[in-house]
Amino acid sequence: MSAAAPLAGVIGDPVGHSLSPRLHGYWLRRLGLAGHYVPLPVAADDLAEVLAAMPRMGFRGANVTIPHKERALSLAREATARARTIGAANTLVFLPEGGFLADNTDAHGFLENLRSGAPAWSPSRPALVLGAGGAARAVIYALHEAGVARILLANRTYARAAELAASGPPGVQPLSWSAIADALPGTGLLVNTTALGMAGQAGLDLPWAALDPGTVVSDLVYTPLETGLLRAARARGCVAVDGLGMLLHQAAPGFARWFGAEPPVDEATRNAVLSP
Ligand code: NAP
Numbered sequence: 138m139s140a141a142a143p144l145a146g147v148i149g150d151p152v153g154h155s156l157s158p159r160l161h162g163y164w165l166r167r168l169g170l171a172g173h174y175v176p177l178p179v180a181a182d183d184l185a186e187v188l189a190a191m192p193r194m195g196f197r198g199a200n201v202t203i204p205h206k207e208r209a210l211s212l213a214r215e216a217t218a219r220a221r222t223i224g225a226a227n228t229l230v231f232l233p234e235g236g237f238l239a240d241n242t243d244a245h246g247f248l249e250n251l252r253s254g255a256p257a258w259s260p261s262r263p264a265l266v267l268g269a270g271g272a273a274r275a276v277i278y279a280l281h282e283a284g285v286a287r288i289l290l291a292n293r294t295y296a297r298a299a300e301l302a303a304s305g306p307p308g309v310q311p312l313s314w315s316a317i318a319d320a321l322p323g324t325g326l327l328v329n330t331t332a333l334g335m336a337g338q339a340g341l342d343l344p345w346a347a348l349d350p351g352t353v354v355s356d357l358v359y360t361p362l363e364t365g366l367l368r369a370a371r372a373r374g375c376v377a378v379d380g381l382g383m384l385l386h387q388a389a390p391g392f393a394r395w396f397g398a399e400p401p402v403d404e405a406t407r408n409a410v411l412s413p
């Protein structure tokens, strides 16, 4: 490994399942850039020490994933407004004066993917977001920034939806899980931010007949790519947007900062990430 080649990586626990090393490695090869992007399994207790040492080893920055997203933000010397508002970081850039800048590119990734997968989507109709975890927080931020005035937020644990609605932007209304059926007909955009539908998990069981064919349906789950939700949405005539594009788009700003070139997000990139 060349000492001069810039380094970046993804810090998580566990991190072995992450597609980010394959994605950044592909971009480096395709653009002919020197550099390496590696998976870094780091326990929560070691995070601060690891982040302090990384720049001395040639790292320009890192992605952080579960369970480090909130703690990384609290350790940052500087943070973007969007990271502070969302309350979590996923992209870190080491600063020449020491410490690091924390950013959150999940909302950007979600919106870019939505706009490319559903170009006719308009923020004028209400959105219905399923789930109230970290990903939901980024999606709500993105939808608010995009001009969606009314966001319904349904979660299995109602108290978490109520808490997120109270701390988020205006116009977010918490819903109980059982109220989803009544909310579906008027929804312009339905977003699944829960883990339901992921390989090894139960699927989303919704009253599909209540889904308006004019609704855009977006699933953050990308393993499998075609979830039960997206299959049911297509069968109803809805535009369906899978979760892989969000992963690619959220990764692009970090790559540009660390390796110095805007990476392409296109069909070839999707295929490279999906190929075993
Ligand atoms: P998280 O903070 O752990 O939140 C998980 C959410 O899923 C909670 O709202 C939880 O509800 C809900 N949930 C879990 N099991 C459920 C079940 N059996 N029935 C109903 N609801 C259930 O996780 P996260 O970070 O937000 O991530 C959520 C999903 O988004 C994951 O699948 C992740 O891979 C995906 N994601 C994708 C991207 C991308 O780039 N495509 C980016 C970020 C995240 P409770 O509050 O009731 O527990």
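In the numbering used here, the protein residues as written are 138 to 413. Glycine included, every Cβ here is placed at the ideal spot set by N, Cα and C.
Less than 6 Å between the CB of Y278 and some heavy atom of the ligand NAP, yes or no?
For the purposes of this step, residue 278 is taken as the residue at position 141 of the sequence shown. Not under cutoff, so the answer is no.
Please state if the CB of R368 and the CB of P350 are separated by a distance shorter than 7 Å.
Start at 1 with the first residue of the sequence shown, and residue 350 comes out as number 213. Start at 1 with the first residue of the sequence shown, and residue 368 comes out as number 231. Result no, Cβ atoms of P350 and R368 do not sit closer than 7 Å.
Starting from the C-beta of N250, find all residues in its chain whose C-beta is less than 7 Å away, skip the five residues before and the five after it, and write them out in chain order.
Counting from one through the sequence shown, the residue named residue 250 turns up at place 113. Contacts found: V378, G382, M383 and H386.
First and last residue of the uninterrupted beta strand (DSSP E) at Q310
Residue 310 sits at position 173 when you count from the first residue of the sequence shown. Unbroken beta strand (DSSP E) run through Q310: V309 to S313.
Determine the contact status of V410 and L168, defining contact as a CB-CB distance below 7 Å.
Residue 410 sits at position 273 when you count from the first residue of the sequence shown. Residue 168 sits at position 31 when you count from the first residue of the sequence shown. For V410 and L168, no; Cβs fall outside 7 Å.
With DSSP as the reference, label E399 as helix, strand or coil.
The residue given as residue 399 occupies position 262 in the sequence shown. Residue state, collapsed to three classes: coil.
Here's the rule: buried if 16 or more other CB atoms are within 10 angstroms of the residue's CB, otherwise exposed. What is H245?
Here residue 245 refers to the residue found at position 108 of the sequence shown. Result: buried.
Enumerate, from N- to C-terminal direction, the unbroken beta strand (DSSP E) stretches of 3 or more residues contained entirely within the stretch 151-224.
173-178 and 196-201
Please tell me whether L144 and F196 are closer than 7 Å, where the distance is taken between their beta carbons.
As a position in the sequence shown, residue 144 is number 7, starting the count at 1. As a position in the sequence shown, residue 196 is number 59, starting the count at 1. Result yes, Cβ atoms of L144 and F196 sit closer than 7 Å.
Ignoring anything shorter than 3 residues, give me the beta strand (DSSP E) runs that lie fully in the stretch 260-341, in order along the chain.
264-267, 288-292, 309-313 and 326-329
Going by DSSP, name the residue or residues bridged to T228.
Sequence index remark: in the sequence shown, residue 228 carries index 91 (1-based). N200 and D240.
Reduced DSSP secondary structure (H/G/I, E/B, other) of G235
In the sequence shown, residue 235 corresponds to position 98, counting from 1. Note: G235 maps to coil in three-state DSSP.
When you compare only the Cα positions, how much space is there between L229 and V201?
Counting from one through the sequence shown, the residue named residue 229 turns up at place 92. Counting from one through the sequence shown, the residue named residue 201 turns up at place 64. Their Cα atoms are separated by approximately 8 Å.
In chain order, what residues of the same chain have a beta carbon less than 6 Å from the beta carbon of E399, not counting five sequence neighbours either side?
Locating residue 399 in the sequence shown gives position 262, where the first residue counts as 1. A393, listed in sequence order.
Spatial distance of P263 from I288 (CA atoms):
The residue labelled residue 263 in the question sits at position 126 within the sequence shown. The residue labelled residue 288 in the question sits at position 151 within the sequence shown. Going from the Cα of P263 to the Cα of I288 covers about 6 Å.
Assigned exposure category for T222 - 16 Cβ within 10 Å defines buried
Sequence index remark: in the sequence shown, residue 222 carries index 85 (1-based). Per the 10 Å Cβ criterion, buried.
Please name the residue or residues paired with A369 in a DSSP beta bridge.
The residue given as residue 369 occupies position 232 in the sequence shown. DSSP, once it has assigned bridges, lists no residue as partnering A369.
Please determine whether the Cβ atom of T202 lies at a distance below 6 Å from any heavy atom of the ligand NAP.
For this step, residue 202 is matched to residue 65 along the sequence shown. Checking the Cβ of T202 against the ligand NAP gives no.
Look at the alpha carbon of A142 and the alpha carbon of A199, and state the distance between them as a whole number of angstroms.
In the sequence shown, residue 142 corresponds to position 5, counting from 1. In the sequence shown, residue 199 corresponds to position 62, counting from 1. Going from the Cα of A142 to the Cα of A199 covers about 15 Å.
Identify which residue in L357, A171, Y174 and A209 has its Cα closest to the Cα of A272.
Taking the sequence shown and counting its residues from 1, one reaches residue 272 at position 135. Nearest C-alpha to A272: L357.
Can you tell me the Cα-Cα spacing of P178 and L362, whole angstroms?
Residue 178 sits at position 41 when you count from the first residue of the sequence shown. Residue 362 sits at position 225 when you count from the first residue of the sequence shown. Each residue's Cα considered, the two are about 25 Å apart.
Nonlocal neighbours in the same chain, by C-beta distance under 6 Å from V328, ignoring five residues either side
Residue mapping note: residue 328 aligns to position 191 of the sequence shown, counting from 1. So the qualifying residues of the chain are V266, V276 and S355.
Determine the direct distance from the alpha carbon of A320 to that of L341, and round the result to whole angstroms.
Sequence index remark: in the sequence shown, residue 341 carries index 204 (1-based). Sequence index remark: in the sequence shown, residue 320 carries index 183 (1-based). Whole-angstrom Cα-Cα distance: 16 Å.
Taking C-beta to C-beta, are D240 and T217 nearer than 7 Å?
Here residue 240 refers to the residue found at position 103 of the sequence shown. Here residue 217 refers to the residue found at position 80 of the sequence shown. Yes, these two residues count as a Cβ contact at 7 Å.
Using DSSP with H/G/I as helix, E/B as strand and the rest coil, what is V353?
Residue mapping note: residue 353 aligns to position 216 of the sequence shown, counting from 1. Correct three-state label for V353: strand.
Residue of A336, G325, G337 and P413 minimising C-alpha distance to A347
The residue given as residue 347 occupies position 210 in the sequence shown. Checking every option, the nearest Cα to that of A347 belongs to G325.
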